[in-house]
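Here's the structure we're looking at; comments come further down.
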Amino acid sequence: MPEKIRPSIGKIEGMLGRRYGHPPWTASRPLMDVLVETILSQNTSDSNSHRAFLALKKKYPGWEALAGAQTGSIARTIRSGGLENIKSRRIKDLVSFILGKRGKAGLEFLKKMPREAAYRYLLAIKGVGPKTAACTLLFGAGIPVYPVDTHIYRVSSRLGWVKRKEDRESFQERFRKLVPDKMVYPLHLNLIEHGRRICHPRKPECLDCCLNKACNWKEKPHESVH
DNA sequence: ATCCTGGACG
DNA sequence: CGTCCAGGAT
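Residue numbers (the working numbering): 96 to 321.
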């Protein structure tokens, strides 16, 4: 029974594409930039994390300088993003590690590795979990891994794609294999967009939802709202 | 003035 | 499961 998921993925992807457009894959950025920005975005709103990223990039234009910086001054630089004490530590350690190991603070070598190996390499870094590792590879290298953030997890749950008791990481691993490579990027982006605009955590706007017909979420507000 | 949101780790 | 944080929404 829970194996009707596969066909519905293509259907949902199409519906979202018609509603929000088919986002083109934009030119890849340095993987280290993407990784740092993604760490800053953990448990942090886009506007806050992006502001912090710009400040950090401005202060340490080549990431190498982070290795010799005081965590305190890194923390002050990214303070507007929140969680600066953990994140400054983690970013400094990560850059120092790569720099020490590879001689430069870059991650482009990941592009030459098999998908799984690159993913596991990132996962092994402290402060890099499944979502961050996947985002780095998808946005930095166009490698079709499927990051599951809180929006995707929520919307996917309502769509019936998430099994009972299945956590984010398990879902990310399993679902990845069900999504055709070329759908990974647009589906990821459009599900997030949909989660933000319509399928809110608290009060989803099911009446304005382009997926309403395809969604069997049980707690859907009733049609007659008057 | 409180409430809410957002990943990874100890 | 508690902790880490700021800024925007209510």
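Glycine is no exception: its CB is placed at the ideal position from the N, C-alpha and C atoms. Since we're looking at a predicted model, the values are computed, not measured.
What is the rounded straight-line gap between the Cα of residue i and the Cα of residue j?
| i | j | result |
| --- | --- | --- |
| P281 | Q165 | 39 angstroms |
| G112 | C230 | 20 angstroms |
| A170 | E132 | 14 angstroms |
| L161 | R271 | 34 angstroms |
| K277 | G167 | 42 angstroms |
| T227 | S144 | 14 angstroms |
| K207 | R101 | 30 angstroms |
| K199 | A309 | 49 angstroms |
| A122 | N285 | 18 angstroms |
| A322 | V129 | Since the displayed the chain opens at 96 and closes at 321, residue 322 lies outside it and no answer follows. |
| G224 | L218 | 6 angstroms |
| G290 | V250 | 6 angstroms |
| V320 | Y155 | Its pLDDT being 46, under 50, V320 is placed unreliably by the model, and the measurement read from it follows with that caveat. About 54 angstroms. |
| V279 | S140 | 23 angstroms |
| N180 | P299 | 34 angstroms |
| G157 | R124 | 14 angstroms |
| W312 | D303 | 15 angstroms |
| G201 | L194 | 8 angstroms |
Could you have a look at residue i and say whether DSSP puts it in helix, strand or coil?
| i | result |
| --- | --- |
| N307 | helix |
| N138 | coil |
| Y248 | helix |
| V274 | coil |
| Q165 | coil |
| P281 | helix |
| D128 | helix |
| I287 | helix |
| I100 | helix |
| S319 | Residue placement at S319 is flagged as unreliable, the pLDDT there being 47, under the threshold of 50; the coordinate-derived value follows with that caveat. Three-state DSSP puts S319 in coil, outside helix and strand. |
| A122 | coil |
| Y241 | coil |
| I107 | helix |
| L254 | coil |
| C294 | coil |
| R114 | helix |
| A219 | coil |
| K226 | helix |
| R269 | helix |
| E314 | coil |
| E211 | helix |
My guess is that residue i and residue j are in contact by the Cβ rule of under 8 angstroms, so how many angstroms apart are they, rounded?
| i | j | result |
| --- | --- | --- |
| F234 | Y248 | With a Cβ gap of about 18 angstroms, F234 and Y248 do not count as contacting. |
| L273 | I104 | 6 angstroms |
| R263 | V240 | In fact, because the Cβ distance is near 14 angstroms, the residues do not count as touching under 8 angstroms. |
| S175 | R146 | 5 angstroms |
| R185 | K221 | 6 angstroms |
| R114 | C305 | 4 angstroms |
Give, in chain order, every unbroken run of the alpha helix (DSSP H) that is at least 4 residues long and sits entirely within the region 141 to 203. 141 to 154, 159 to 163, 166 to 172, 179 to 197
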